[in-house]
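Asks:
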Amino acid sequence: MPYYRSVGEVPHKRHTQFRRPDGGLYSEELMGQEGFSSDSSLLYHRHPPTAIASAEIFEKPAVKRSANLPLKPRHLRTHKLDAGPADAVLGRQPLMANDDVRIGYAIADRPSPLYRDAVGDELLYVEDGRVAVETTFGTLEAGSGDYVIVPTSVVHRIVPLDGPARLLTIEANGHIGPPKRYLSVRGQFLEHAPYCERDLRGPSEPLLVDETDVEVLVKHRAGWTRHVYARHPFDVVGWDGCLYPWAFSIHDFEPITGRVHQPPPVHQTFEGPNFVVCSFVPRKVDYHPLAIPVPYNHHNVDSDEMMFYTGGNYEARRGSGIEQGSISLHPSGFTHGPQPGAVERALGVEAFDELAVMVDTFRPLDLCDPALAVEDTAYAWTWNR
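The numbering of the sequence shown is our numbering, which starts it at 92 and goes up by one.
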């Protein structure tokens, strides 16, 4: 994270004695990225965070990945996925993956188990509903349009509020954060950035749970493990630093526009290892008298483009079958662009009312079985009209 926060009780000086009311020492934990060379936070636990009572292999169902063969654009209808009883961790349905990132979808109607992703950061996008993301740092509540970033190895669980919630899930093999070009050399958002520190939310108070023999599922590089902790990991009385879970609303993203059509990088919101995430929001569009507001045909020779349509009307795709909850995949090796008739319809339009999340990857995305089960197989031919 680009700025410092302090929550709860912390000692005046780090790495010094900090005692509980009964006279015992709190257990200090440093959580940091890239060894001791990047962002970190110090957490103060009531009990040692190292005390596990047991560890066993957890067999999570294997994810089958298939190459995009034959190579073609795809359209997935996430609202047709199985909506049976599920949580947002074990119940997320994998859609696309490569060696850098995994993209899934969850329809959660119950709390998830306690979970730690030791492989990379996770980015959750709430399409519909409300959730509480409970963590060792405290609780973040998120609703429709919110992004939530959970840093690597943070123990958390996702609890739906007020009924089922629909979430797009992005799991990285590494860290996710604001694009470097938006930040100063010291980590402050710059004036040209489309959002800033005021738009971000972090946990505001500790979350304390007093339980023993608590299960935590851990996804790590070798597989999955079930740990049983002697005491509940939500026992942090205070923390400070620049590494913590945080939330940002897509509705607070300030669009960048111009006289002629702007390329997708102006919509960039986050970057991860070999991928970027962009937000397309309601905005005024190009104001040159001869402007064409919809995208031109384009062929991104180094990347696959996944677009999740989450609100409004995506003008460039009208007539293709795209609807709320749709995902399109336009792969490298294929030229894509507006649907037939979209260019003419857009001439003279002053604003677009659309909401979408885009992930561009720099390695090809494989397709997983749940994606193939809800594919609109006619989509690839909708330009041939």
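The beta-carbon is built from N, C-alpha and C at its ideal position, and this holds for glycine as well. Quick caveat: nothing in here was measured; it's all calculated off a predicted structure.
Could you spell out where the beta strand (DSSP E) holding P251 opens and where it closes?
Replies: Start and end: 247-263.
Asks: Could you check whether E100 and G329 sit closer than 7 Å to each other, using their CB atoms as the reference points?
Replies: Result yes, Cβ atoms of G329 and E100 sit closer than 7 Å.
Asks: Is it true that the stretch 128-138 meets the stretch 302-312, where meeting means three or more beta-carbon pairs spaced less than 8 Å apart?
Replies: With the cut-off at 8 Å, the stretch 128-138 and the stretch 302-312 do not touch.
Asks: Which of helix, strand or coil does DSSP assign to A199?
Replies: Residue state, collapsed to three classes: strand.
Asks: Strictly by DSSP, which residues pair up with G363?
Replies: Partner(s): F366.
Asks: When we look at the beta-carbon of G349 and count the other beta-carbons within 10 Å, is it buried (16 or more) or exposed?
Replies: Flag for G349 reads exposed.
Asks: Who are the near neighbours of D457 in its chain, counting only those whose CB is closer than 8 Å to its CB and skipping five residues on each side?
Replies: Hits under 8 Å: R156, S157, A158, N159, M187, A188, N189.
Asks: Who are the Cβ neighbours of A293 in its own chain at under 6 Å, not counting the five residues just before and after it?
Replies: Checking the sequence shown, residue 293 turns out to be Gly, not Ala. So the list reads R96, Y335, W337, once near-sequence residues are dropped.
Asks: For the pair the stretch 202-219 and the stretch 283-293, tell me if three or more CB-CB distances fall below 8 Å.
Replies: Segments in contact, no.
Asks: Spatial neighbours of A433 within its chain, please: CB distance less than 7 Å, with the 5 preceding and 5 following residues excluded, ordered by chain position.
Replies: Once the five neighbours on either side are set aside, the close Cβ partners of A433 are V385, E406, A407, R409.
Asks: Can you check which of these residues, V192, E435, L438, I418, is closest to A462 by C-alpha distance?
Replies: Minimum Cα distance to A462 is reached at I418.
Asks: In whole angstroms, what is the alpha-carbon distance linking T316 and K171?
Replies: Taking the straight line from one Cα to the other gives about 31 Å.
Asks: What residue range is occupied by the uninterrupted beta strand (DSSP E) comprising P185?
Replies: P185 -> beta strand (DSSP E) spans 184-188.
Asks: List the endpoints of the continuous beta strand (DSSP E) containing L463.
Replies: Not the beta strand (DSSP E): L463 falls in the alpha helix (DSSP H), residues 460-464.
Asks: Hey, how far is the Cα of E414 from the Cα of Y400?
Replies: Distance between the alpha carbons of E414 and Y400: 7 Å.
Asks: Along the alpha helix (DSSP H) that carries E288, what are the first and last residues, could you check?
Replies: Looking at the DSSP string, E288 is not in any alpha helix (DSSP H), and its letter there is neither H nor E.
Asks: One question on the structure: do A199 and D178 come within less than 7 Å of each other, judged by their Cβ atoms?
Replies: Yes.
Asks: Exposed or buried, E140, counting other C-beta atoms within 10 Å across all chains shown (16 or more means buried)?
Replies: As written in the sequence, residue 140 is Pro, which differs from the Glu given in the question. Buried: at least 16 other Cβ atoms inside 10 Å.
Asks: Let me confirm a value: G211 is counted as buried when at least 16 other C-beta atoms fall within 10 Å, else exposed. Which label applies?
Replies: With 16 or more Cβ atoms within 10 Å of its Cβ, G211 is classed as buried.
Asks: Can you give me the C-alpha to C-alpha distance between T260 and S203, rounded to a whole angstrom?
Replies: So the two alpha carbons sit approximately 14 Å from each other.
Asks: Thinking just about the alpha-carbon of each residue, which of R248, L258, D301 is nearest to the one in G236?
Replies: The residue with the shortest Cα to Cα distance from G236 is L258.
Asks: Touching or not, the stretch 239-259 and the stretch 271-281, by the rule of three or more beta carbon pairs under 8 Å?
Replies: Counting Cβ pairs under 8 Å, fewer than three are found: no touch.
Asks: Determine the burial state of V469: buried for a count of at least 16 other Cβ atoms within 10 Å of its Cβ, exposed for fewer.
Replies: Here the sequence assigns Ala to residue 469, which means Val is not the residue at that position. Exposed, because fewer than 16 other Cβ atoms sit within 10 Å of the Cβ of A469.
Asks: From the DSSP output, read off the bridge partner residues of H136.
Replies: DSSP lists S118, V327 as partners of H136.
Asks: When burial is assigned at 16 or more other CB atoms within 10 Å of the CB, is T426 buried or exposed?
Replies: Per the 10 Å Cβ criterion, exposed.
Asks: Any contact of the stretch 377-395 with the stretch 223-234, i.e. 3+ C-beta pairs under 8 Å?
Replies: No: the two stretches stay apart, fewer than three of their Cβ pairs being nearer than 8 Å.
Asks: Taking 7 Å as the cut-off, decide whether the C-beta atoms of P422 and D393 are in contact.
Replies: Not a contact, by the Cβ cut-off of 7 Å.
Asks: By a C-beta neighbour count over all protein chains shown, 10 Å radius and 16 as the cutoff for buried, is E362 buried or exposed?
Replies: Answer is buried; the Cβ neighbour count reaches 16.
Asks: How big is the Cα-Cα spacing for Q430 and V239?
Replies: Roughly 32 Å separates the two Cα atoms.
Asks: Put T230 into one of helix, strand or coil per three-state DSSP.
Replies: In this structure, T230 counts as strand in the three-state DSSP scheme.
Asks: By the DSSP assignment, the alpha helix (DSSP H) with R277 in it spans what residues?
Replies: Neither: R277 is in no alpha helix (DSSP H) and is coded neither H nor E.
Asks: With C-beta atoms as the reference, is F371 less than 7 Å away from E441?
Replies: No, the Cβ-Cβ distance between F371 and E441 is not below 7 Å.
Asks: Could you name the residues of the same chain whose beta carbon sits closer than 7 Å to that of R272, not counting the 5 residues immediately before and after it, in chain order?
Replies: Around R272: no qualifying Cβ.
Asks: Note down the Cα distance separating D113 from H136, rounded to an integer number of angstroms.
Replies: Cα-Cα distance, rounded: 14 Å.
Asks: Using only CA atoms, which one of P455, N404, G412 lies nearest to G424?
Replies: The candidate whose alpha carbon is nearest that of G424 is P455.
Asks: Which one of V276, A263, A174, R322 has the shortest CA to CA distance from T227?
Replies: Checked all of V276, A263, A174, R322; the closest Cα to T227 is R322.
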